[in-house]
Structure formats: C-alpha cells, structure tokens
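Data block below; observations after.
Residue numbers (the working numbering): 1258 to 1747.
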C-alpha cells in the first residue's frame, strides 16, 4: 500500500473542510501519477485510521471524488481510480515535493512586440451583460475604509510613492498565496506571483513573454475573443480545436502536437467563455500530460472559480502541476468588481521575472495603495464573507434567469443551465438572427452583449452569452420581457 499518510497532506488548522482537503490531495496525486488509473484505494475505515480523521470525512471525500469523475465506487469491491483516466508514468515519490515552488518552467520563453488594445462604451436603459458581478454587492465601503485608513497613517505614506516591489504589493501577494492554498490547494511562493491590472494585462504580458513571431497557440473553436486578439497582437498564430460538453477536445490537441510545434494552450477549465462548459477531470489530466510531453505552456484562465453552484469546483490544473507547465491567471474583476482592475499571474519564477521586466516599461509598479487595501480585505475575512454571500445570491439569480428564459422564450432558445459562473450560453432559433435581435433590442432600451461568435470554419453562431449576476429580480424580469418583446416584433 502507498504511504497515504505521507502523500496526502492535510492541515487541521485550515479553514478548508477536511473532506475537501482529502479530495484535493487525491486529485493532485492522481494527476501527477503517484496514484495511477485503475488503482484500488484503501477503504474508508483504513484511510480514516491512517489520516486520523472521522470515517465519515473519508466517505464524503470519496463521494466528491466520484462525483467529479476521479474515482469509481464499485459495490462490494471498493473504491478505484477511474479506469478511463489516462495512465501517467509512475513518479518516484522521493523526487516529488508537493509544496515546491516552480523555479523553471517546462517551456521556452521568447520576446514579442508591444501593441495597444481597443476599448468602447455604450449606454442603454437596461443591460444584459456578458457575465459580470453585481458591484452593488461588492465590499466597496470596506475597501474605501481601508484606503482612508492607509492614507491617514504616516507609516503607510510610502504606498503613495514609487516602489521597488515591481511584482505587486507584498501583503497582497501573501494574501493571495494563502487564498490559493486554502481554496485551491495550490502551494506557491512569493516570487511565483505577479499582480496585474486585471486579467487582460496578465494575458498581454504572458503572450509577450512567450511568443515569437508565428508561434502557435491553441484555443477553443469558440473562445474568449479578447485573449485571441492579444495572441495575434503579439504576432502569435491561433490554432482552433473543438469545444463540446466536456470542454476543449484534448484528443484534437494531441493530433496537432504530433504534426507541428505548439507554444501554448489557452484554456478556461471552469465555465468556458462563452459556452460555460467545464473541462472534465480526464481531459485535464490528458492536457497536463501533453504539456509535459510536448513542452508547451498551459495558460489557465480561472476567472470565476469562486462561483460554482453544483458541488465543489474541480481543482485548477495549476494545483496538480509538478513540472512547471501551467501559467495560472486569476482576477478580482469577476469575483468582486471590474473597476478594481486587479488580477494576478501564478507561474514559474523565471517567467514571473521576465513578465516583471516587461511590465516595468509600461506600468512601473502598479497601484500599491489599492493592492494593500485589498490585502486587508483578505486578512479581515471580508473577501470570504463576500464570496459566501454573493454565491447564494448568484445561485438564486441563475435559477430565476433560466426559469424566465424557459417560460417566455422556451420555443425560441436552447440552453444548458450552467453549473457555475455568471452567464448562460443561449442559442436562438436560426429564424431569429442574433445581430438583428441586438439591434432591435437596443431600440427598446435593452443592451445585449455585442460579441458575435464564429466557429472554426468562420461561420457565425446564432447564440449570445447572457449574464444574470448583475441583475436583481425586477431588473431581470424587465430585461427578459424586453427581449421577448423584441423577438415578437421580429
């Protein structure tokens, strides 16, 4: 039997429940090949004795692992690692340090040229956005309180001056380290984190540091259009693969890797933008293995990990990365408020150093006063309370929005109720073109997301990514009512 007491590291002082800690540790050990596909796991009684926890805690962990697709529980036979998962070559336990920071990435770093992004604004009576949080719920009062306190404190006046901390405020990076550890079971060091002004700045810096001219980046056939544009702005070449109900088609990625060199794969494992689907456990493992084999970077955009309504979210791939393949991007723009313009990159130290050098030519050292005020929100538990409150509210809003769509537009639209995130991917009957719907809706005072999506063949998709989180009940009813009126007019 494997030394489970050693390889499954749990912390009784952590705020994360023990059963989720055990679940997360199993996921990491399965992903890195320590525990292999088809392997029988110890019984709940045996493992509870080894880990010195309640047997029901282990049973709950096994149930969660089964629900996420990592294990199979066979009646009268026991629990086994899912036999359909790819078989990773076994790792030497003495060479695995589960908390080790990534010093060198498993991919090359290159130079690219600077470009300027575009921005646009629009007004309407009421808006269904593409999936933004409700800033009315955000802890803005508490944030302003922290900023005021910092500005009045003589010992914090230096936050308003130039700083030698080019990677972001140290207190915020420490808070992010602890948050990644407690919520995502991801262990990093201070030099593995770089604070950005939102996720778009993160993507820009990453692509600039990684890409040479015509380097290939794999994206979904329908994907986050701004990230795609940033690849092309940094002289990269987009290579598209299908996205189905299980996320990106990793088998298609492997076929491409066998034919040509790939520099990176851009993936949104939780609630893919725009389709909202989640990448399965099996495909996550396959992608990690391919990244190691073909030495490409995985750029993991985990923009709304905190908003998952069905059970607990699957751990980020960054938590299972043992060789330095994953570049993880998080953002407070979706989890708190877009106006904060605060995001972060978690990556091997050599890439962070390169990104830091690039950033100094465009941003100097960021907004340390705001970053410190956000760090205090973490330290005071305000972020945790906000996430807990908003998760309940957004869950209810998702249910109501989907109910309204079904009741008022059920014969015209098709959609899957998303398990998480802040938006629904809504497909319209072909006789109602979305471009015409958006134009007519605006005439009635309803603003819909402007993005028009195309598949890998260049064909327009008659669908809209529709956000529900920023609308209260009456606003939501009015918006869907105007949408119904728009379609009736057509």
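The C-beta atom is built at its ideal place from N, Cα and C for all residues, glycine as well.
Closest by C-alpha distance to residue 1495, out of 1395, 1513, 1270, is 1513. The alpha carbon of residue 1410 has as its nearest neighbour, out of 1702, 1636, 1626, 1678, the alpha carbon of 1626. The straight-line gap separating the alpha-carbon atoms of residue 1506 and residue 1515 is approximately 15 Å. Excluding its 5 nearest sequence neighbours in each direction, residue 1277 has C-beta neighbours in its own chain below 8 Å: 1318, 1321, 1569, listed in chain order. Residue 1510 sits close to residue 1475, with the two beta carbons spaced by under 7 Å.
Residue pairing by DSSP places residue 1582 opposite no residue, since no beta bridge is assigned to it. Residue 1293: not part of any alpha helix (DSSP H); DSSP gives it neither H nor E.
Beta-bridge analysis with DSSP links residue 1497 to 1476. Taken atom to atom, the span from the alpha-carbon of residue 1529 to that of residue 1425 is near 28 Å.
A check of alpha carbon separations from residue 1388 across 1616, 1567, 1592, 1467 identifies 1592 as the nearest.
Just so you know, the alpha carbons of residue 1601 and residue 1671 end up roughly 35 Å apart.
Taking the C-beta atoms as reference points, residue 1727 is found no nearer than 7 Å to residue 1542. When the beta-carbon positions are compared, residue 1364 and residue 1552 come within less than 7 Å of each other. For secondary structure counted as the alpha helix (DSSP H) over 4 or more consecutive residues, the segment 1526–1612 holds these complete runs in sequence order: 1538–1551, 1589–1592. Assignment of alpha helix (DSSP H) within the segment 1284–1350, counting only whole runs of 4 or more residues, yields 1301–1308, 1312–1325 in chain order.
Comparing C-alpha distances from residue 1521 to each of 1464, 1575, 1598 shows the shortest one belongs to 1464. If you draw a 10 Å sphere on the C-beta of residue 1544, you find 16 or more other C-beta atoms in it, and that means buried. Look at residue 1384 here: in three-state DSSP terms it is strand.
Rounded to whole angstroms, the gap between the alpha carbons of residue 1308 and residue 1584 is 32 Å.
Cβ-Cβ distances below 6 Å link residue 1611 to 1366, 1466 in the same chain, with the five nearest sequence neighbours on each side left out; the list follows chain order.
Sequence-distant Cβ neighbours of residue 1577 in its own chain, meaning closer than 7 Å and more than five residues away, are 1284, 1285, 1288, 1289, 1545. Residue 1594 places its beta carbon 7 Å or farther from that of residue 1428. Among the bridge pairs identified by DSSP, residue 1505 is matched with 1500.
Using a Cβ-Cβ distance cut-off of 8 Å, the segment 1734–1746 and the segment 1695–1714 are in contact, since at least three pairs of beta carbons, one from each stretch, lie closer than that value. Out of 1547, 1582, 1554, 1589, the CA that lies nearest to the CA of residue 1563 is found in 1589. Looking at the DSSP output, residue 1721 bridges to 1683. Contact annotation: residue 1455 and residue 1617 have beta-carbon atoms that are not nearer than 7 Å. In summary, residue 1688 is exposed, with fewer than 16 beta-carbon neighbours lying within 10 Å of its beta-carbon over all protein chains present.
Relative to the Cα of residue 1265, the nearest Cα in the group 1324, 1336, 1442 belongs to 1442. Taking the Cα positions, residue 1693 is about 16 Å away from residue 1723. Taking residue 1715 as reference, the option from 1399, 1480, 1523, 1725 with the minimal CA-CA separation is 1480. If one requires a minimum length of 4 residues, the alpha helix (DSSP H) runs lying completely within the segment 1259–1288 are 1261–1264, 1275–1288, in chain order. About 19 Å separates the Cβ atoms of residue 1311 and residue 1328, ruling out a contact at the 8 Å cut-off. The alpha-carbon of residue 1472 is positioned some 14 Å away from that of residue 1497. In this structure, residue 1485 lies away from residue 1468, with their beta-carbon atoms at least 7 Å apart. In this structure, the CA atom of residue 1717 is about 52 Å from the CA atom of residue 1304.
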